[in-house]
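Q:
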Amino acid sequence: MSKPIEIRNPRTGKYDYVIIPPPPKLLIQQCNRLRRAQQSWLRLGLEGRIEALQQWKQAIISGRDKLTEALVADTGRLSISVMEIDSFLSSIDRWCKLAPKLLEETEKETAVPFIKLEQTAVPYPLVGVISPWNFPLLLSTIDTIPALLAGCAVIVKPSEITPRFMAPLLATINAIPQLRDILSFVEGGGETGAAIVQNVDLVCFTGSVATGRKVGEAAAKRFIPAFLELGGKDPAIVLASADLELATSAILWGSVVNTGQSCLSIERIYVANFIFEQFVERLVAKAERLQLAYPTVESGEIGPIIAERQAAIISDHLLDALEKGAVVHCGGKVEDSGGGWWCRPTVLTQVNHEMKVMTEETFGPIMPVMPFSTPEEAINLANDTIYGLSAAVFAQDETKALAVAQHIDAGAISINDAALTALIHEGEKNSFKFSGLGGSRMGPAAITRFMRKKAFLIKTKSIADPWWFNTQ
Ligand code: NAD
0 MSKPIEIRNP RTGKYDYVII PPPPKLLIQQ CNRLRRAQQS WLRLGLEGRI
50 EALQQWKQAI ISGRDKLTEA LVADTGRLSI SVMEIDSFLS SIDRWCKLAP
100 KLLEETEKET AVPFIKLEQT AVPYPLVGVI SPWNFPLLLS TIDTIPALLA
150 GCAVIVKPSE ITPRFMAPLL ATINAIPQLR DILSFVEGGG ETGAAIVQNV
200 DLVCFTGSVA TGRKVGEAAA KRFIPAFLEL GGKDPAIVLA SADLELATSA
250 ILWGSVVNTG QSCLSIERIY VANFIFEQFV ERLVAKAERL QLAYPTVESG
300 EIGPIIAERQ AAIISDHLLD ALEKGAVVHC GGKVEDSGGG WWCRPTVLTQ
350 VNHEMKVMTE ETFGPIMPVM PFSTPEEAIN LANDTIYGLS AAVFAQDETK
400 ALAVAQHIDA GAISINDAAL TALIHEGEKN SFKFSGLGGS RMGPAAITRF
450 MRKKAFLIKT KSIADPWWFN TQ
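Residue 80 in numbering that gives the first Met the number 0 sits at position 81 of the sequence shown, and the numbers go up by one each step.
1. Quick one: Cα of Ala394 to Cα of Glu287, how far?
2. Answer yes or no: do Phe449 and Pro122 have a C-beta to C-beta separation smaller than 8 Å?
3. Nearer than 7 Å: is that true of the beta carbon of Gly438 relative to any heavy atom of the ligand NAD?
4. Is it the case that the CB of Cys262 approaches a heavy atom of the ligand NAD more closely than 7 Å?
5. Between which two residues does the beta strand (DSSP E) containing Asp335 stretch?
6. Identify whether Trp341 lies in helix, strand or coil by the three-state DSSP scheme.
7. Compare the C-alpha of Glu353 against each of Thr345, Lys332, Ile378, Ala320 and name the closest.
8. Would you grab the beta carbon distance between Gln554 and Val326 for me? Rounded to a whole angstrom, and I think it's under 8 Å.
9. If you draw a straight line from the C-alpha of Glu427 to the C-alpha of Ala120, how long is it?
10. Are Val214 and Val199 closer than 8 Å when you measure CB to CB?
11. Please report how far the alpha carbon of Gly211 lies from the alpha carbon of Tyr386, in whole angstroms.
12. Using a 10 Å radius around the Cβ and a threshold of 16 neighbouring Cβ atoms, would you call Asp383 buried or exposed?
13. Going straight from the alpha carbon of Arg42 to that of Thr143, what length do you get?
14. Please go through the same chain and pick out, in chain order, the residues whose beta-carbon is closer than 7 Å to the beta-carbon of Ser80, but skip the five residues on each side of it.
15. Buried or exposed: where does Thr398 fall if 16 or more other Cβ atoms within 10 Å of its Cβ makes it buried?
16. Measuring straight from C-alpha to C-alpha, what distance separates Ile27 and Val185?
17. Check whether the Cβ of Asn257 lies closer than 7 Å to any heavy atom of the ligand NAD, and answer yes or no.
18. Taking contact to mean 3 or more Cβ pairs, one atom from each stretch, closer than 8 Å, check whether the segment 167-175 and the segment 49-68 are in contact.
19. Any chance the segment 304-319 sits against the segment 271-284, with 3 or more Cβ pairs inside 8 Å?
20. So Ile274 and Ala235 are in contact, right, with Cβ under 8 Å, and what is the actual spacing, rounded?
21. Using 8 Å as the threshold, is the C-beta distance between Pro162 and Asn272 below it?
22. Kindly indicate which residue of Gly187, Lys156, Ala241, Lys220 has the alpha-carbon position closest to the one of Ala204.
23. Quick check on this structure: which residue in Gly231, Glu276, Asp242 has the alpha carbon closest to the alpha carbon of Ser254?
24. Distance check for Ile423 and Pro124, CA to CA, integer angstroms please.
25. Given a cut-off of 8 Å, decide if Phe226 and Gly44 are closer than it, judged by their beta-carbon atoms.
26. Which residues bound the beta strand (DSSP E) around Thr205?
27. How is Gln118 classed by DSSP in three states: helix, strand or coil?
28. Tell me whether the segment 102-117 and the segment 179-193 touch, counting them as touching only if at least three CB pairs, one residue from each stretch, are closer than 8 Å.
29. What are the residues that DSSP puts in a beta bridge with Ser248?
30. For Ile160 and Ser298, I'd like the C-alpha separation in whole angstroms.
31. At a threshold of 7 Å, does Pro145 count as lining the ligand NAD (C-beta to nearest heavy atom)?
32. Can you grab the Cα-Cα spacing for the pair Pro344 / Leu456, in whole Å?
33. Tell whether a beta-carbon distance below 8 Å holds between Val196 and Gly127.
34. Run through DSSP, which three-state label would Cys30 get?
35. How long is the line joining the alpha carbons of Pro176 and Val153, rounded to whole angstroms?
36. Would you say Val71 lies against chain B (beta-carbon separation less than 8 Å)?
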């Protein structure tokens, strides 16, 4: 019997939920069962798989209230939970529409006229998905949907910090006969995650750099592919010509949505000297208008800090910045209300790269703003990081913004907006530096990466090949 894990409620601080990770032996059996069942899932064909996913979508719509309730209990926020479910449902439709074209088998001519090539692809039998707590539903399903359509069975282990949504989601999976044998969600912490890496054929991991490194190493030892989607410290660069109204609104949203608990949050803001003061003034005015979603979950835009350990990190970064001379314009501290941890949108100036708030992932609603004199200086500052997830550039002229964006070492760069990869899933992107490893989870590669390519090389004429030995 594995040790139960008690789960904290982010709004009350009470430990009001318990999960029991599966014992290692049971997990291995479960993986073997899923791998066996994958054969029938594959035989069902793409049309059958699309139909099963559409039935799942209907079951989720029917069970939506319970799923919302559980997600709210997991995360303490309401509107983002609603958005997570909407986005999950639309991702099922999007992938069901795209999959037939993306998974089409092709026949090609080769350089040798009497040899043709048939190109096909075989799904990895069992995919493991390990996900974090900041968007529990979205990040445990973002890789799952394309993997299922590709023909894989999937075992998902969401974060032990936000596990409540699994029970209502499992009820919707169990309602679909074709799905329940090839899709499992399991409860558990790091040990269960590590055991999954040992028992699957491909792993999709979303989480911190430290854990991602362990997962990558364990997968490499087993020679299985690992797709690692890790942390970030996204910069925004605001050039002198930028529309200040637009830039401040976009950056505020990109920095503090979901209380800044997003891998692609804007965590550093570099603003041209010329407009620095006006920018800070407008950003502070807008930030001050946002309210905490307290005492009721419906009340404001800023939910609680979901993970208690994150509250400690945010406090530490703020303290470090203040000790080193940063100035607080609004917010500025982690507060305890009703047993939960909260932080109001915080604007800091007089910051520099000696501070943790400019170099380490904060994962909170903190907006440190630093001036620059030339675009080259801004680019150097933006690239002065171990991360390379995404970024944003603001300028009146799109080509000037793109000229700066070309030099930023990051996989996705929003121009005159922030965090667009959260909404636009069509563009392929790779993480740079420590922000990740492996193929793109966006665009066509998101589905094709779950398949191994196979080439059938077919001789079409019964003639001797010119390169054979002459044995006549
Ligand atoms: P984490 O690394 O602590 O945990 C992530 C998951 O890994 C959890 O499910 C955890 O139980 C599991 N885990 C822990 N130890 C493991 C091990 N040894 N082997 C296998 N699995 C193990 O991360 P977190 O605190 O849950 O999430 C926050 C981090 O996730 C931040 O750094 C954030 O930037 C990152 N993140 C990245 C993306 C992205 O798309 N790049 C998206 C969201 C979050």
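Glycine is no exception: its CB is placed at the ideal position from the N, C-alpha and C atoms.
A: Concretely, from the data shown:
1. Taking the straight line from one Cα to the other gives about 25 Å.
2. Taking 8 Å as the cut-off, the beta carbon of Phe449 is found closer than this to the beta carbon of Pro122.
3. Distances taken from the Cβ of Gly438 to the heavy atoms of the ligand NAD include none shorter than 7 Å.
4. Taking non-hydrogen atoms of the ligand NAD into account, the C-beta of Cys262 is found less than 7 Å away from one of them.
5. Annotation: the continuous beta strand (DSSP E) that includes Asp335 extends over 333-336.
6. Trp341 sits in a strand when the DSSP states are folded into three classes.
7. Cα-wise, what sits closest to Glu353 is Ala320.
8. In the structure as shown, the chain starts at 0 and stops at 471, and residue 554 therefore has no counterpart that could be examined.
9. If I take the Cα positions, the gap works out to 20 Å.
10. Against a cut-off of 8 Å, the Cβ pair of Val199 and Val214 comes out as no contact.
11. Spanning the alpha carbons of Gly211 and Tyr386 requires a straight line of approximately 13 Å.
12. In this structure Asp383 is exposed. Its beta-carbon is surrounded by fewer than 16 other beta-carbon atoms within 10 angstroms.
13. Their Cα atoms are separated by approximately 19 Å.
14. Thr67, Leu70, Val71, Thr74, listed in sequence order.
15. Thr398 should be labelled exposed.
16. Cα to Cα, Ile27 sits roughly 12 Å from Val185.
17. No, the Cβ of Asn257 stays beyond 7 Å of every heavy atom of the ligand NAD.
18. They touch, by the three-pair rule.
19. No contact exists between the segment 304-319 and the segment 271-284.
20. The beta-carbon distance between Ile274 and Ala235, rounded to whole angstroms, is 13 Å. This is too long to meet the 8 Å contact definition.
21. It is not a contact, given that the beta carbons lie outside the stated cut-off.
22. The identity of residue 204 in the sequence shown is Phe, whereas the question assumes Ala. With distances taken between Cα atoms, Phe204 lies closest to Lys156.
23. Taking only the C-alpha atoms, the option nearest Ser254 is Gly231.
24. Answer to the nearest angstrom: the Cα atoms are 29 Å apart.
25. For Gly44 and Phe226, no; Cβs fall outside 8 Å.
26. Taken as a continuous stretch (DSSP letters only), the beta strand (DSSP E) holding Thr205 covers 201-205.
27. Gln118 sits in a strand when the DSSP states are folded into three classes.
28. Of all C-beta pairs linking the segment 102-117 to the segment 179-193, fewer than three are shorter than 8 Å, placing the two stretches out of contact.
29. Note: Ser248 is not bridge-paired with any residue in the DSSP secondary-structure output.
30. A direct Cα-Cα distance of roughly 24 Å separates Ile160 from Ser298.
31. The answer is no for Pro145.
32. Whole-angstrom Cα-Cα distance: 60 Å.
33. A contact, by the Cβ cut-off of 8 Å.
34. Helix.
35. Their Cα atoms are separated by approximately 15 Å.
36. The chain labelled as chain B is not found in the depicted structure, where only one protein chain is given.
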